[in-house]
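Novice:
In the numbering used here, the protein residues as written are 14 to 774.
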């Protein structure tokens, strides 16, 4: 028994949770015969997502029968996992009185105090752990992070450098080191040092260090050039290839990244068995990355076919994660959840599986199960406190608030993480009615995001301006009624955060309607139009001028393209809802393609929309959604939205249903009856209980639509009125053409052209 217990502890301390779980299952009955065995089984059940079974085993353990630091240390850890912090602290401190104290006990005490925001106590115990095991890189790293959070950058830098000397490929430590040097304005020193080293001795390691440093510093173009050059000089080193792929993904160069991965997988002669000892495993991971990119680009069938060809696919957590993403894209949330539950049984401590399962469960409204799994994630990864507070509906303890404040204000934490902490902290403070501090935090979070994106409000203004000029009554009259006669699509559109998700869920709860979410097909049609024009021998004009070249054949062809793609998502329901908010840019095209389609436009108070967008940490920060991170930019987008919708109403009178969000919250049944009548759908009582549907919600409104209709977000802007001067001033200016001299005072960055308009990534 003692050798089995020792082996299990060794596996767990080395983070080999897969073998730890298998060994527990194989020796389950044997382990039940001892107190220490029951504790380890409790840990196994917790990691397997079965906290109730862990609690049952814990209730059978006699603490007084444990006479070793090791046993008490495991018991304290199990208490910690189950959220019984006071019991965990008491038992772990009791363990200190025994002679067999090891670095793991001190490390666990450090983690316990760190999770509570008690940095001094955490430092004390982690330093004790380090004194027993000076070469433990995980403890060096944890102490480095702690000193970062205390603002002690030089101490943190020393600890990360010590960790890197022991483990040169410790990527997380390398990233933290780079971030510290950025904060100290010393990043150029490091970059120059690596460039000099590259001139003297251009080897793979220097290329990797330089590329990673530039990547972490946000100098993506330089990082891409370094990885590209390194990969060409050292084609057998897989790290350089993967580094290049990561940079391309971060830059949004999905097609280029996918093309390279496909080339490397089709011809694997570059793989050197010495540099890549686990060749098959490495190539499999590249294959999964390629399919991830395919899913992002909506090539779902291609990705699915390739994933199903994987040998022994059940042995790979990545298979389950990617297959679930495909199911979610097809709005099969229940199937995705079942698949990931199966994955959790096989890989109980795999963070990727657990995180994806939390996302899926939240999207289908299984919030209690999602919360349980989120608590497991926090136990494995304490920095997941951001997601945990989100799951708890922004009810945070004082200790959690302290952790969020530390993350937000630490200059060496990645900006993306800092911003995420800020958005969550804002919601926590808002819930506590501390509105002034809440908005100060919100400004800081948005400014952090702005530093990472390129956005120019004028690009969208120019497109709207041209659309209004090109779409004349004469153009509409020439093409009117020549599109596809299908009544299947229902388009729900409007400003993001105006109620589009709520409306989709109401319609989607009807037995005849399939809620498809935010479909990319209308923007894709817009992007494909120049090629389509060229194909039929016409001038390949860009949108919106391309509408001048359209005829009946092109309209019906574009409409059929759309219908073919939605048919792959659902073939059972006679109606389907497409709720991409930014389709308001393309209402003219939509109603010419589908003259019998229903178009529903959401109206909401401009300032409520402004605040709601500013409060949201949108996943799709690049492209048009960049407007949401600056109050002035939000004002410009609201002006664009108003101008183009007024134009569409003039061109298509009576064809666009105006749905007032405030009226929907005040008179839900009356408004929903009008909505169904407009859509030519019979009344069903179930639409009033839309929030009970298990169909997935994939947008930023994921939590709100699970609560039913509520009025707390109406007139919300008044809480923050004194901060809204920038957006109010822009709204008062109204829609002005770019040649107006008043516009010249806004000198912002320029965003690249491409597919735009998504509120989720």
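Just so it is clear, CB atoms sit at the ideal spot from N, CA and C, and this is done for glycine as well. Note that the coordinates shown come from a computational prediction; the quantities given were computed from them, not determined experimentally.
1) Which of helix, strand or coil does DSSP assign to residue 586?
2) How about residue 456: is its Cβ closer than 7 Å to a heavy atom in the ligand GTP?
3) For residue 433, count neighbouring C-beta atoms within 10 Å of its own C-beta (all shown protein chains included) and say buried if the count is 16 or more, exposed if not.
4) Rounded to whole angstroms, what's the CA-CA distance from residue 38 to residue 94? Just pull it up for me.
5) Span of the alpha helix (DSSP H) holding residue 317?
6) Taking just the CA atoms, how far does residue 265 sit from residue 573?
7) Keeping to the same chain, check which residues put their C-beta closer than 6 Å to that of residue 557; ignore five residues upstream and five downstream.
8) May I ask which residues mark the beginning and end of the beta strand (DSSP E) holding residue 613?
9) Would you say residue 640 and residue 468 are within 8 Å of each other, going by their C-beta atoms?
10) Could you check whether the segment 541–556 touches the segment 660–669, counting it as contact only if at least three pairs of C-beta atoms, one from each stretch, sit closer than 8 Å?
11) Straight-line CA distance for residue 176 to residue 198?
12) Mind checking who residue 746 pairs with in its DSSP beta bridge?
13) Okay, do the segment 485–504 and the segment 615–623 touch, 3+ Cβ pairs below 8 Å being the bar?
14) Expressed to the nearest angstrom, what Euclidean distance is found between the alpha-carbon atoms of residue 104 and residue 447?
15) Pull up the distance between the alpha-carbon of residue 426 and that of residue 439, whole angstroms please.
16) Between which two residues does the beta strand (DSSP E) holding residue 670 run?
17) Give the single residue among 81, 496, 19 and 98 whose Cα lies nearest to the Cα of residue 783.
18) Excluding the 5 residues preceding and the 5 following residue 281 in the sequence, name in chain order all residues of the same chain whose CB lies nearer than 7 Å to its CB.
19) Under the rule that 16 or more other beta-carbon atoms within 10 Å means buried, what is residue 305, buried or exposed?
20) Spatial neighbours of residue 156 within its chain, please: CB distance less than 6 Å, with the 5 preceding and 5 following residues excluded, ordered by chain position.
21) In three-state terms, what does DSSP make of residue 466?
22) Taking contact to mean at least 3 C-beta pairs separated by less than 8 Å, is the segment 527–536 in contact with the segment 592–611?
23) Which value, in whole angstroms, describes the spacing of the CA atoms of residue 368 and residue 63?
24) Measure the C-alpha to C-alpha separation of residue 775 and residue 742 and round it to an integer number of angstroms.
25) Going by DSSP, what residue range makes up the beta strand (DSSP E) through residue 195?
26) Measure the alpha-carbon distance for residue 50 versus residue 83 and round it to whole angstroms.
27) When you compare the CB positions of residue 350 and residue 377, do they come within less than 8 Å of one another, or not?
28) Would a C-beta distance cut-off of 8 Å place residue 74 and residue 88 closer than the cut-off?
29) Under a three-way DSSP split, which group does residue 527 fall into?
30) With burial defined as no fewer than 16 other Cβ atoms inside 10 Å of the residue's Cβ, what is the status of residue 21: buried or exposed?
31) Go ahead and pull the three-state DSSP assignment for residue 576.
32) Measure the Cβ-Cβ separation of residue 219 and residue 205 and say whether it is below 8 Å.
33) Tell me where the alpha helix (DSSP H) around residue 377 begins and ends.
34) Using beta carbons (cut-off 8 Å, strictly below), is residue 88 in contact with chain D?
35) Less than 8 Å between the C-beta atoms of residue 516 and residue 672, yes or no?
36) For the pair the segment 728–745 and the segment 641–648, tell me if three or more CB-CB distances fall below 8 Å.
Specialist: Walking through what the data contain:
1) Your numbering for residue 586 matches position 573 in the chain shown. In this structure, residue 586 counts as coil in the three-state DSSP scheme.
2) Questions concerning the ligand GTP fall outside what the structure shown contains, since it holds no ligand whatsoever.
3) Counting from one through the chain shown, the residue named residue 433 turns up at place 420. Here residue 433 is buried. Its C-beta has 16 or more other C-beta atoms within 10 Å.
4) Stepping through the chain shown from its first residue, residue 38 is reached at position 25. Stepping through the chain shown from its first residue, residue 94 is reached at position 81. Residue 38 and residue 94: Cα-Cα distance of roughly 20 Å.
5) Counted from its first residue, the chain shown places residue 317 at position 304. Taken as a continuous stretch (DSSP letters only), the alpha helix (DSSP H) holding residue 317 covers 313–321.
6) Residue 573 sits at position 560 when you count from the first residue of the chain shown. Residue 265 sits at position 252 when you count from the first residue of the chain shown. The straight-line gap from Cα to Cα measures roughly 29 Å.
7) The residue you call residue 557 lines up with position 544 of the chain shown. The residues are 479, 480 and 483.
8) The residue labelled residue 613 in the question sits at position 600 within the chain shown. It spans 611–616 - the beta strand (DSSP E) in which residue 613 sits, taken as one unbroken run.
9) By 1-based counting over the chain shown, the position of residue 640 is 627. By 1-based counting over the chain shown, the position of residue 468 is 455. Against a cut-off of 8 Å, the Cβ pair of residue 468 and residue 640 comes out as a contact.
10) no
11) Position 163 of the chain shown, counting from 1, holds the residue named residue 176. Position 185 of the chain shown, counting from 1, holds the residue named residue 198. C-alpha separation (whole angstroms): 22 Å.
12) By 1-based counting over the chain shown, the position of residue 746 is 733. DSSP output for residue 746 lists no bridge partner at all.
13) no
14) Looking up residue 104 in the chain shown gives position 91. Looking up residue 447 in the chain shown gives position 434. Spanning the alpha carbons of residue 104 and residue 447 requires a straight line of approximately 37 Å.
15) For the purposes of this step, residue 426 is taken as residue 413 along the chain shown, with counting starting at 1. For the purposes of this step, residue 439 is taken as residue 426 along the chain shown, with counting starting at 1. Rounded to the nearest angstrom, the two C-alpha atoms are 18 Å apart.
16) Within the chain shown, residue 670 is the residue found at index 657, counting from 1. Residues 669–673.
17) Here the chain comprises residues numbered 14 to 774, so residue 783 is not present and cannot be evaluated.
18) For this step, residue 281 is matched to residue 268 along the chain shown. Excluding residues within five positions, the ones whose Cβ falls inside 7 Å are 296.
19) In the chain shown, the residue the question calls residue 305 occupies position 292. Here residue 305 is buried: its Cβ has 16 or more other Cβ atoms, across all protein chains shown, within 10 Å.
20) Here the question's residue 156 lines up with position 143 in the chain shown. Contacts found: 139 and 172.
21) By 1-based counting over the chain shown, the position of residue 466 is 453. Note: residue 466 maps to coil in three-state DSSP.
22) yes
23) Stepping through the chain shown from its first residue, residue 368 is reached at position 355. Stepping through the chain shown from its first residue, residue 63 is reached at position 50. Between residue 368 and residue 63, the C-alpha separation is close to 16 Å.
24) The structure shown has nothing for residue 775, since the chain only spans 14 to 774.
25) Taking the first residue of the chain shown as 1, we reach residue 195 at position 182. Where residue 195 is concerned, there is no enclosing beta strand (DSSP E), although the alpha helix (DSSP H) it sits in stretches over 184–196.
26) Along the chain shown, one-based indexing puts residue 50 at 37. Along the chain shown, one-based indexing puts residue 83 at 70. Residue 50 and residue 83: Cα-Cα distance of roughly 12 Å.
27) On the chain shown, position 337 is the one that residue 350 refers to. On the chain shown, position 364 is the one that residue 377 refers to. Their beta carbons are under 8 Å apart, which means residue 350 touches residue 377 by this criterion.
28) Here residue 74 refers to the residue found at position 61 when the chain shown is read from its first residue. Here residue 88 refers to the residue found at position 75 when the chain shown is read from its first residue. Yes, these two residues count as a Cβ contact at 8 Å.
29) What you label residue 527 is simply residue 514 of the chain shown in a count that begins at 1. Strand, per DSSP.
30) The residue labelled residue 21 in the question sits at position 8 within the chain shown. Buried: at least 16 other Cβ atoms inside 10 Å.
31) Counting from one through the chain shown, the residue named residue 576 turns up at place 563. Note: residue 576 maps to helix in three-state DSSP.
32) Within the chain shown, residue 219 is the residue found at index 206, counting from 1. Within the chain shown, residue 205 is the residue found at index 192, counting from 1. The answer is no: Cβ separation not under 8 Å.
33) Against the chain shown, residue 377 aligns to sequence position 364. Note, residue 377: premise wrong, no alpha helix (DSSP H); not H, not E.
34) The question asks about chain D, but that chain is absent: this structure has only one protein chain.
35) By 1-based counting over the chain shown, the position of residue 516 is 503. By 1-based counting over the chain shown, the position of residue 672 is 659. Closer than 8 Å, so yes.
36) The segment 728–745, when compared against the segment 641–648, does touch it at the 8 Å Cβ threshold.
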